[in-house]
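**Q**
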Amino acid sequence: MAEARRRHPEVHFSTAILPGLDGIAESSFANVLCETVIMHLEPEAITPAVERLLAILVPGGILHLSWRVTEGTDRRDEHGRLYAAFDPERVLRALTATQVLLDEQVGSVSSGKLIRRIVARKQSAEN
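Quick note: the sequence shown uses the numbering used here, first residue 788, plus one each step.
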């Protein structure tokens, strides 16, 4: 955060923790990028986390969400980080009131792991 603030003093940076994102107001962002984060949550926290990410978007805003697909059972790496093995339905259930613009699974060039990417538009007042 210190480096981000140093490089971009004109931008407001804040820290919040999923799933609650305490201190982040609803409808406060046009775009939200959640890149390979939800895979570190306990599976039961995933749907509420995605619902909260949508709540902080303005109507018509875009959510870019990705996670590493973990087959089988949950795993922890050598640093103790959780890689949750969860049914993608936990994410899709939270996206029912969105327009899904992209839903793909691809191999990561950097890690070689399978990554699921979803880009969704929050419904606006007109939809």
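All residues carry an ideal CB built from backbone N, CA and C; glycine is no exception.
Compare the Cα-Cα distances from T816 to each of S898, I825, H799 and report the closest residue.
**A** Position 29 of the sequence shown, counted from the start, is the residue given in the question as residue 816. In the sequence as presented, Thr is not what sits at residue 816; that position holds Phe. Closest by alpha carbon: H799.
**Q** Looking at C-alpha atoms only, which residue of L805, K909, A789, Q886 is the closest neighbour of P830?
**A** Counting from 1 along the sequence shown, the entry for residue 830 is found at position 43. The option with the nearest alpha carbon to P830 is L805.
**Q** With contact counted as at least three CB pairs below 8 Å, one residue from each stretch, are the region 886 to 893 and the region 859 to 867 in contact?
**A** Verdict: no, contact absent.
**Q** Would you call K909 buried or exposed, if buried means 16 or more other Cβ atoms sit within 10 Å of its Cβ?
**A** By 1-based counting over the sequence shown, the position of residue 909 is 122. It counts as buried.
**Q** Which ranges does the beta strand (DSSP E) cover as unbroken runs of at least 3 residues, wholly within the region 825 to 883, from first to last along the chain?
**A** Entirely contained in the region 825 to 883, the beta strand (DSSP E) runs reaching 3 residues are, in chain order, 844 to 855.
**Q** Suppose you measure from the CA of E891 to the CA of R880; what does that come to, to the nearest Å?
**A** Counted from its first residue, the sequence shown places residue 891 at position 104. Counted from its first residue, the sequence shown places residue 880 at position 93. Rounded to whole angstroms, E891 to R880 spans 16 Å at the Cα level.
**Q** At what residues does the alpha helix (DSSP H) containing A907 begin and finish?
**A** Residue mapping note: residue 907 aligns to position 120 of the sequence shown, counting from 1. Premise fails: A907 lies in the beta strand (DSSP E), 901 to 909, not in any alpha helix (DSSP H).
**Q** Just checking my contact of S801 with T823 at CB under 8 Å: how many whole Å lie between their CB atoms?
**A** The residue given as residue 801 occupies position 14 in the sequence shown. The residue given as residue 823 occupies position 36 in the sequence shown. The pair is not a contact, with the Cβ atoms about 20 Å apart (cut-off 8 Å).
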